[in-house]
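J.: Quick note: the sequence shown uses the UniProt record's numbering, first residue 1, plus one each step.
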Amino acid sequence: MTHKIAILGASGYTGAELVRLIATHPSMEIVALSADRKAGLEMAAVFPHLRHLTLPTLCKIEEIDFANVDLCFCALPHATSQRVIKTLPSDVKVVDLSADFRLRDPDEYAKWYGGQHDALEIQKEAVYGLTEFYREEIKTARVVAGTGCNAATGLFALKPLIEADVIDLDQIILDLKCAVSGAGRSLKENLLHAELSEGNHAYAIGGTHRHLGEFDQEFSKVAGREVKVQFTPHLVPANRGILATVYVQGDAEVIHATLAKAYAEEPFIEVLPFGEAPSTRHVRGSNFCHIGVTGDRIDGRAIVIAALDNLTKGSSGQALQNANLMLGEEETAGLMLAPCFP
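(1) Can you tell me whether His193 is helix, strand or coil according to DSSP?
(2) What is the DSSP secondary structure of Met326, counted as helix, strand or coil?
(3) Please report the Cβ distance between Asp107 and His78, rounded to the nearest whole angstrom; I am assuming they are in contact, meaning their Cβ atoms lie under 8 Å.
(4) Report the option in His25, Thr24 and Ser11 whose CA atom is closest to the CA atom of Ala45.
(5) What residue does the alpha helix (DSSP H) around His256 start on, and which one ends it?
(6) If we define contact as Cβ-Cβ less than 8 Å, is Thr131 a contact residue for chain C?
(7) Excluding the five sequence neighbours on either side, which residues of its own chain have a C-beta within less than 6 Å of the C-beta of Ala39, listed in chain order?
(8) Going by the CB atoms, is the gap between Gly285 and Asp168 shorter than 8 Å?
(9) Suppose contacts are defined by Cβ-Cβ distances below 8 Å. Is Val95 in contact with Asn322 by that definition?
(10) Who pairs with Thr245 in a beta bridge, going by DSSP?
(11) Touching or not, the region 241-248 and the region 206-219, by the rule of three or more beta carbon pairs under 8 Å?
(12) Quick check on DSSP: helix, strand or coil for Cys340?
(13) Closest by CA to Glu62, which one among Leu33, Tyr113 and Ser315?
(14) How would you write the range of the alpha helix (DSSP H) that Pro160 sits in, first residue to last?
(15) Alpha carbon to alpha carbon, how far is Ile162 from Tyr128?
(16) Output the distance between the C-alpha atoms of Asp70 and Lys86, rounded to the nearest integer angstrom.
(17) Given Val28, which residues of its chain have a CB within under 6 Å of its CB, disregarding the five upstream and five downstream residues?
(18) Let me know the secondary structure DSSP gives Phe288 once reduced to three states.
(19) Per DSSP, what kind of secondary structure is Ser34 in: helix, strand or coil?
(20) State the Cα-Cα distance for the pair Lys159 and Ile138, rounded to the nearest angstrom.
(21) Whole angstroms are fine: how far does the CA of Ser279 sit from the CA of Ala302?
(22) Taking the alpha carbon of Thr312 as the point to measure from, which residue in Leu50, Ile242, Ala67 and Pro273 has its own alpha carbon closest?
(23) What does DSSP give as the partner residues of Leu103 in its beta bridges?
(24) Out of Ala119, Glu189, Leu88 and Arg135, state which residue places its alpha-carbon closest to the alpha-carbon of Leu103.
(25) Exposed or buried, what is Gly148 when buried is set at 16 or more other beta-carbons lying within 10 Å of its beta-carbon?
(26) Less than 8 Å between the beta carbons of Leu55 and Cys72, yes or no?
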């Protein structure tokens with residue numbers, strides 16, 4: 001069976017990544033691609049690296065016939081996505097890559113995103129798209145909310161440890177480095193080459209980053225009490241990748257064994273041998289996440305490091321992984337590409 005796929009917001013980085021991945025999928029066909037300012041253009045004109053593919057011309061959302069669509073990926077900006085999704089036919093499955101349906105509590109959404117939610121009924125039914133932890137719910141979901149890329153990295157490193165109660169929940173420090181594509185494709189002065197290259201800087205300092213809402217929600221849920229991590233992201237002059245270094249209190253070998261057991265059967269999560277550290281260059285362009293654990297010179301402390309590609313495992317690859325489950329396909333379909341190295 002061939003599933004008919006629409007991608008809304010196909011002119012952005014995550015939209016292009018979805019096209020790249022679906023091109024190798026054995027049972028998906030892209031039947032519609034939307035864009036706003038670039039409507040009317042061929043995808044090859046927007047992303048020349050995709051010119052070898054036969055794809056629909058970019059169009060406005062209102063021009064798409066959703067009667068011919070089985071599943072829709074929404075790679076639209078926050079707030080825009082919820083307004084569009086609530087107008088889609090109820091028989092169309094949706095994987096949303098924005099933040100609009102990640103937070104279950106409407107008050108938390110308003111707190112972190114500065115406005116009231118406009119599609120509360122859909123928010124109630126949406127399943128959080130961290131595939132490895134919500135697999136069964138995703139299989140029967142109509143709407144799946146993709147995680148934030150920073151959030152996914154931290155969650156992969158910490159969620160099994162919190163669930164197993166092998167670390168001090170009040171002493172978690174998360175230091176994260178994110179490549180520039182995580183900020184999207186819109187023109188921004190601070191992302192110009194002359195502004196960004198040859199340096200790196202912290203941002204959203206002191207607990208203001210929006211992905212903290214996801215950490216608070218997911219960590220507190222699994223712990224059964226409030227858990228707040230200390231989190232500082234940094235923007236680095238690289239195109240792809242996230243590297244999260246997490247400082248925790250606990251026995252390093254127990255922590256490593258806990259992660260190894262939690263991910264033993266997961267096709268996309270690789271826990272490295274004890275003492276080895278992952279690198280973003282070893283997961284580039286892939287749907288894999290590598291996690292390493294090492295002890296600290298101070299007894300009772302450990303360092304957990306996680307690396308993934310923010311556009312793939314952190315966003316579009318995760319979205320396709322979830323779509324496979326929603327459509328009854330093999331979870332790994334279209335996603336077993338090896339990382340690109342060097």
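A virtual CB, placed ideally from N, CA and C, is assigned to each residue, including glycine. All figures in this text were calculated on a predicted structure; none of them were measured in a lab.
T.: Let me spell this out:
(1) On the sequence shown, residue 193 is found 193 positions in, with the first residue counted as 1. Helix.
(2) Along the sequence shown, one-based indexing puts residue 326 at 326. Looking at Met326 - three-state DSSP - the assignment turns out to be helix.
(3) Numbered from 1 along the sequence shown, position 107 holds the residue referred to as residue 107. Numbered from 1 along the sequence shown, position 78 holds the residue referred to as residue 78. Not a contact, Cβ separation roughly 17 Å.
(4) The count along the sequence shown starts at 1 and reaches residue 45 at position 45. Answer by Cα proximity: Ser11.
(5) The residue given as residue 256 occupies position 256 in the sequence shown. Ala252 to Ala262 is the extent of the alpha helix (DSSP H) around His256.
(6) Here chain C cannot be found, since the structure has a single protein chain.
(7) Walking along the sequence shown from the start, residue 39 turns up at place 39. Cβ within range, chain order: Leu58, Cys59 and Lys60.
(8) Position 168 of the sequence shown, counting from 1, holds the residue named residue 168. Position 285 of the sequence shown, counting from 1, holds the residue named residue 285. Contact flag unset, no.
(9) Counted from its first residue, the sequence shown places residue 95 at position 95. Counted from its first residue, the sequence shown places residue 322 at position 322. Cβ atoms of Val95 and Asn322: closer than 8 Å.
(10) Taking the sequence shown and counting its residues from 1, one reaches residue 245 at position 245. Thr245 pairs with Asp175 and Ile305.
(11) no
(12) Start at 1 with the first residue of the sequence shown, and residue 340 comes out as number 340. Note: Cys340 maps to coil in three-state DSSP.
(13) The residue you call residue 62 lines up with position 62 of the sequence shown. Checked all of Leu33, Tyr113 and Ser315; the closest Cα to Glu62 is Leu33.
(14) Taking the sequence shown and counting its residues from 1, one reaches residue 160 at position 160. Counting along the chain, the alpha helix (DSSP H) containing Pro160 begins and ends at Cys149 to Ala164.
(15) Looking up residue 162 in the sequence shown gives position 162. Looking up residue 128 in the sequence shown gives position 128. One C-alpha to the other measures close to 18 Å.
(16) Along the sequence shown, one-based indexing puts residue 70 at 70. Along the sequence shown, one-based indexing puts residue 86 at 86. Cα to Cα, the separation comes out at about 16 Å.
(17) Position 28 of the sequence shown holds residue 28. Just to set this straight, residue 28 is Met in the shown sequence, not Val. Taken in chain order, the residues that qualify are His3, Ile5 and Ile22.
(18) Taking the sequence shown and counting its residues from 1, one reaches residue 288 at position 288. Phe288: coil per DSSP, three-state reduction.
(19) As a working mapping, residue 34 is identified with position 34 in the sequence shown. Three-state result, Ser34: strand.
(20) By 1-based counting over the sequence shown, the position of residue 159 is 159. By 1-based counting over the sequence shown, the position of residue 138 is 138. Each residue's Cα considered, the two are about 18 Å apart.
(21) For the purposes of this step, residue 302 is identified with residue 302 of the sequence shown, where counting begins at 1. For the purposes of this step, residue 279 is identified with residue 279 of the sequence shown, where counting begins at 1. Cα-Cα distance, rounded: 18 Å.
(22) For the purposes of this step, residue 312 is taken as the residue at position 312 of the sequence shown. Ranking the options by Cα distance to Thr312, first place goes to Ile242.
(23) Here residue 103 refers to the residue found at position 103 of the sequence shown. DSSP, once it has assigned bridges, lists no residue as partnering Leu103.
(24) On the sequence shown, residue 103 is found 103 positions in, with the first residue counted as 1. When only C-alpha atoms are compared, the closest one is Ala119.
(25) As a first step, residue 148 is located in the sequence shown; it is residue number 148 there, counting from the start. By the neighbour-count rule (16 or more Cβ atoms within 10 Å), Gly148 is buried.
(26) Within the sequence shown, residue 55 is the residue found at index 55, counting from 1. Within the sequence shown, residue 72 is the residue found at index 72, counting from 1. No, the Cβ-Cβ distance between Leu55 and Cys72 is not below 8 Å.
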